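Protein chains in written order, with my numbering: chain Z, 1 to 225; chain C, 226 to 450; chain Y, 451 to 675; chain D, 676 to 900. See structure below.
Number of protein chains: 4
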Amino acid sequence: MEARVCVVVGVGPGLGEALARTFSTEGYRVALLSRREQKLAALASELDGVAVACDATDPASIRAALAEVRRRLGPVHTLLWNVGSAVWGDLDTVDEDGMELAWRTNALGLFAAAKAAVADMRAAGEGAIIVTGATASRRGKPLTTAFAAGKAAQRSLCQSLARQLWPEGVHVALMIIDAGVGPRGGDDPGKLDPDHAARTAFYLTQQPRSAWTFELELRPHVERW
Amino acid sequence: MEARVCVVVGVGPGLGEALARTFSTEGYRVALLSRREQKLAALASELDGVAVACDATDPASIRAALAEVRRRLGPVHTLLWNVGSAVWGDLDTVDEDGMELAWRTNALGLFAAAKAAVADMRAAGEGAIIVTGATASRRGKPLTTAFAAGKAAQRSLCQSLARQLWPEGVHVALMIIDAGVGPRGGDDPGKLDPDHAARTAFYLTQQPRSAWTFELELRPHVERW
Amino acid sequence: MEARVCVVVGVGPGLGEALARTFSTEGYRVALLSRREQKLAALASELDGVAVACDATDPASIRAALAEVRRRLGPVHTLLWNVGSAVWGDLDTVDEDGMELAWRTNALGLFAAAKAAVADMRAAGEGAIIVTGATASRRGKPLTTAFAAGKAAQRSLCQSLARQLWPEGVHVALMIIDAGVGPRGGDDPGKLDPDHAARTAFYLTQQPRSAWTFELELRPHVERW
Amino acid sequence: MEARVCVVVGVGPGLGEALARTFSTEGYRVALLSRREQKLAALASELDGVAVACDATDPASIRAALAEVRRRLGPVHTLLWNVGSAVWGDLDTVDEDGMELAWRTNALGLFAAAKAAVADMRAAGEGAIIVTGATASRRGKPLTTAFAAGKAAQRSLCQSLARQLWPEGVHVALMIIDAGVGPRGGDDPGKLDPDHAARTAFYLTQQPRSAWTFELELRPHVERW
Chain Z
1 MEARVCVVVG
11 VGPGLGEALA
21 RTFSTEGYRV
31 ALLSRREQKL
41 AALASELDGV
51 AVACDATDPA
61 SIRAALAEVR
71 RRLGPVHTLL
81 WNVGSAVWGD
91 LDTVDEDGME
101 LAWRTNALGL
111 FAAAKAAVAD
121 MRAAGEGAII
131 VTGATASRRG
141 KPLTTAFAAG
151 KAAQRSLCQS
161 LARQLWPEGV
171 HVALMIIDAG
181 VGPRGGDDPG
191 KLDPDHAART
201 AFYLTQQPRS
211 AWTFELELRP
221 HVERW
Chain C
226 MEARVCVVVG
236 VGPGLGEALA
246 RTFSTEGYRV
256 ALLSRREQKL
266 AALASELDGV
276 AVACDATDPA
286 SIRAALAEVR
296 RRLGPVHTLL
306 WNVGSAVWGD
316 LDTVDEDGME
326 LAWRTNALGL
336 FAAAKAAVAD
346 MRAAGEGAII
356 VTGATASRRG
366 KPLTTAFAAG
376 KAAQRSLCQS
386 LARQLWPEGV
396 HVALMIIDAG
406 VGPRGGDDPG
416 KLDPDHAART
426 AFYLTQQPRS
436 AWTFELELRP
446 HVERW
Chain Y
451 MEARVCVVVG
461 VGPGLGEALA
471 RTFSTEGYRV
481 ALLSRREQKL
491 AALASELDGV
501 AVACDATDPA
511 SIRAALAEVR
521 RRLGPVHTLL
531 WNVGSAVWGD
541 LDTVDEDGME
551 LAWRTNALGL
561 FAAAKAAVAD
571 MRAAGEGAII
581 VTGATASRRG
591 KPLTTAFAAG
601 KAAQRSLCQS
611 LARQLWPEGV
621 HVALMIIDAG
631 VGPRGGDDPG
641 KLDPDHAART
651 AFYLTQQPRS
661 AWTFELELRP
671 HVERW
Chain D
676 MEARVCVVVG
686 VGPGLGEALA
696 RTFSTEGYRV
706 ALLSRREQKL
716 AALASELDGV
726 AVACDATDPA
736 SIRAALAEVR
746 RRLGPVHTLL
756 WNVGSAVWGD
766 LDTVDEDGME
776 LAWRTNALGL
786 FAAAKAAVAD
796 MRAAGEGAII
806 VTGATASRRG
816 KPLTTAFAAG
826 KAAQRSLCQS
836 LARQLWPEGV
846 HVALMIIDAG
856 VGPRGGDDPG
866 KLDPDHAART
876 AFYLTQQPRS
886 AWTFELELRP
896 HVERW
């Protein structure tokens, strides 16, 4: 049997890498998509996967990257949208470009990726789209004027996608990270270990169809919320 | 004393017109901003206000329109963001342009308008930004894939703006219209009368500072929810 | 025309008194219900209303009190449920009596009062039930283990009542006080002036049927949230 | 090493039995608490656990039952609160007893059980309290006037308990069942299979401390929501 293909969009040293390692360990072929794919060559090689250049703010680039994944590994089974954006600031210190960047990395790019990947999932009669949310997915504060707007749009988009695609067998879910993310295997109890979050992302993709979760949040047990 | 200036962005025959009439009746000078300002000439004239061309998806156009309002009427006291967008469709039938349009009319344009208007409000030590939300502000469904994403971003943005600007005396509030809007003075009990919604928008701008509302919803008493 | 009768349940020196004064000024006959009605004699007399003894945790006492109001003033038009409870503590420091008290003052008592008053409202084809909520209506924290449980039950009950009674012309609404309440006319900008909150409660009762609000929150403009 | 003790409160033929079987299979000693414990004798025997009589609406009965569990199996590690109540009806058809029943089965009983079990968990430095919620945990409708009030109180209580107990190592979580529950292993795609929900309850108890979930919902992939 062919291994399932898992595409991780947004692979930094934290949660992105943990997601890639977890799904690889569980038998998926992983494709690592990032603006600077050279940085991911070693990881891709270690995991027997592929690294593909992708600008997650650009729908055309996303489509091209997914086409390349399909060519090299086969149809997409699981899409993990883990793209971050570092847009901080309030009404006075954020500008329209910052707003647009937060929107594109969190919502428009996800929309384009879902649109490009859904045909594979429909053909297989199954698939998963797991999205990494944040505290800001649920509320806006002054310093997250741009970031939270993008994250709220993303959460709403996930709801729309879930309501449309669940009946077709595609499990869309939102995993809200409500904490600072530490290093893999770190020992700061106040930081979320990305391997642990990746475990839950994987669990979501394994839930049987009679009992799917749309949204959950993750935070360390000592976090204040 | 100079009359306060109220800018209504998005003036169709429903809620936009009702807002303009209500604030005019209450003594504000009103500026009506719309892509096709000629259509508003008669209303602007009747209300002794001004009609200004404005593309609410284009920050530069918004800035120019607000500058013209300032030139003709004076500093902006109250901003009513009532821009609609008719983007319907699911993952398959909406495209990136539809997504972008929903984002711009609901969130990016509001951001640009708030940024352009806030200096006047700060100088006066008071002001109001009242935003028209929708059922989709709170959840995404397949046919609102684009619209709800834009509305959710808008709601989050309003939260960020409120938390930043309330302490400076600027009352940012979100009025969620959870119903179909009927004609002014219509007699269908299942439709929201825009004059009644405009009344509540006006009430919000009159709340004393010790007891401000951020969010409320409006719907006819017979509406199912 | 007979004046409408407004029953205020829970009349302390803060919001309860402000509600009574506001509705009286607006032409309602007010009935003040409280465990120690003697304390309210002067206020009732000043407002040309009545003070009636009522234990808001005891359905039988509520029924008796409403029957007395009906006897002395006529059918109930508007019910303001403003009963407070001072139950603070976490799992270790609250006991079952504290839990039960919070439940009864916030939810069971309101249920009994609504049940006892709704016939008058139905007979008139109109009425209002405005409930005072709190920050804790929306979330539980350790020190509000009991209080927030009662407030959450109350909020849910209000939703059920609104969905049932709105179509019959009875406006059920929840007004969430998300701040410390100061004295009437106080000048601490961090405190909510109860007269201002009472104003919004009154406004809610005056909204025309085509555009009713179910829930809103009130807080001073400088409050952090 | 001693097996961990898992107490299931509320064991009907659906989710309760599935929880008991799942935790037993995973190596826990299970205690089955129910008003009619005789009905559970066969299941308890099959799982090498114990069946204990318990009226989940009565704190004293809960305390006695947990004391018996402790005597027969040892300290409580995991508490699964799965008590149902069949209280349906609106303002006119539900009475105070129904309201009180919904409150007690969902909130007061859970409070008493948590209070009685937490000492064991604190002594061990770890533990779990997993609560079965419902669609009604998040909103009230006319026919759930009582049930939803109880469920909302329960959800709030869970938040309070989580915020207090997580830092002490006790994982409190709420699993919202947003669907009709079918038989174990049933083949109706519109029904939730209780074994699948029990799987997720078990997963929650195994999450490492750096990444705990407080709330998630479960529903079949074809469910409308």
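Yeah, the Cβ is synthetic: ideal placement off N, Cα and C, and Gly gets one too. All values reported here derive from a predicted model rather than from experimental measurement.
- By the Cβ criterion, the segment 617-629 of chain Y is in contact with the segment 582-596 of chain Y, since at least three pairs of Cβ atoms, one from each stretch, lie closer than 8 Å.
- The residues A453 and R454, in chain order, have a CB closer than 8 Å to that of G477 (chain Y) in the same chain once the five nearest residues on each side in sequence are set aside.
- Under the DSSP assignment, R674 (chain Y) falls outside any beta strand (DSSP E); it carries neither an H nor an E label.
- Here W763 (chain D) really is in contact with F822 (chain D); their C-beta atoms are around 7 Å apart, less than 8 Å.
- Approximately 15 Å separates the beta-carbon atoms of L558 (chain Y) and A515 (chain Y); this is outside 8 Å, ruling out the contact.
- Of all residues in the segment 451-475 of chain Y, none has a C-beta nearer than 9 Å to a C-beta of chain C.
- For D868 (chain D), the chain Z residues whose Cβ falls inside 8 Å of its Cβ are P208, S210 and A211, in order along the chain.
- Listed in chain order, the non-local C-beta contacts of R288 (chain C) below 8 Å within the same chain comprise A337 and A341, local neighbours out to five positions each way being set aside.
- For H171 (chain Z), the uninterrupted beta strand (DSSP E) run begins and ends at V170 to I177, by DSSP.
- Linking V94 (chain Z) to A197 (chain Z) through their CA atoms gives a straight-line distance of about 30 Å.
- Proximity of the segment 428-441 of chain C to the segment 635-647 of chain Y meets the contact definition, three or more beta-carbon pairs being nearer than 8 Å.
- Contact annotation for V447 (chain C) against chain Y: W616, P617 and R659 [CB-CB distance below 9 Å, chain order].
- Per the coordinates, the alpha-carbon of M99 (chain Z) lies some 31 Å from the alpha-carbon of Q431 (chain C).
- I805 (chain D) and L879 (chain D) do touch by the CB rule: their CB atoms are close to 6 Å apart, below 8 Å.
- Judged by DSSP in its simplified three-state form, L143 (chain Z) adopts coil rather than helix or strand.
- DSSP places R479 (chain Y) within a strand segment (E or B) once states are collapsed to three.
- Linking H396 (chain C) to G235 (chain C) through their CA atoms gives a straight-line distance of about 20 Å.
- Under the Cβ criterion of 7 Å, R388 (chain C) is counted among the residues facing chain Z.
- In this structure, the straight-line span from the alpha carbon of G577 (chain Y) to that of R449 (chain C) is close to 19 Å.
- Around H527 (chain Y), the same chain offers R454, V455 and G577 as residues with beta carbons nearer than 6 Å, after the five sequence neighbours per side are excluded.
- Look at P367 (chain C): its C-beta is under 7 Å from a C-beta on chain Z.
- Using a Cβ-Cβ cut-off of 7 Å, H871 (chain D) counts as an interface residue toward chain Z, since at least one Cβ of chain Z sits closer than that to its own.
- Pairing T330 (chain C) with H896 (chain D), the inter-Cα distance amounts to about 33 Å.
- Take R830 (chain D), set aside five residues on each side of it, and the residues of its chain with a beta-carbon closer than 7 Å to its own are G808, S812 and L849, in chain order.
- At least 7 Å separates the beta-carbon of C54 (chain Z) from that of S45 (chain Z).
- In the three-state reduction of the DSSP assignment, S660 (chain Y) falls in the coil class, being assigned neither a helical nor a strand state.
- F664 (chain Y) reaches chain C at E442, counting residues in chain order whose Cβ is nearer than 7 Å.
- Counting C-beta atoms within 10 angstroms of its own C-beta, T250 (chain C) has fewer than 16 neighbours from the protein chains shown and is therefore classed as exposed.
- Within chain Z, no residue has its CB atom less than 9 Å from the CB of S310 (chain C), the nearest being about 14 Å off.
- For the alpha helix (DSSP H) assignment, the uninterrupted runs of no fewer than 4 residues enclosed by the segment 770-801 of chain D are, from N- to C-terminal side, 771-778 and 784-799.
- Taking C-beta separations shorter than 6 Å and ignoring five residues to either side along the sequence, the partners of T819 (chain D) in its chain run A811, following chain order.
- Distance check between G825 (chain D) and each of D:L776, D:L754, D:D765 and D:A876 places D:L776 closest, using alpha-carbon atoms only.
- If you draw a 10 Å sphere on the C-beta of G125 (chain Z), you find fewer than 16 other C-beta atoms in it, and that means exposed.
- Taking 8 Å as the cut-off between beta carbons, the residues of the segment 548-578 of chain Y near chain D are M549, E550, W553, A557, L558, F561, A562, A564, K565 and V568, in sequence order.
- Interface annotation, T807 (chain D): not in contact with chain Y, CB-CB separation never under 7 Å.
- Secondary structure note for L79 (chain Z): its beta strand (DSSP E) is the uninterrupted segment T78 to W81.
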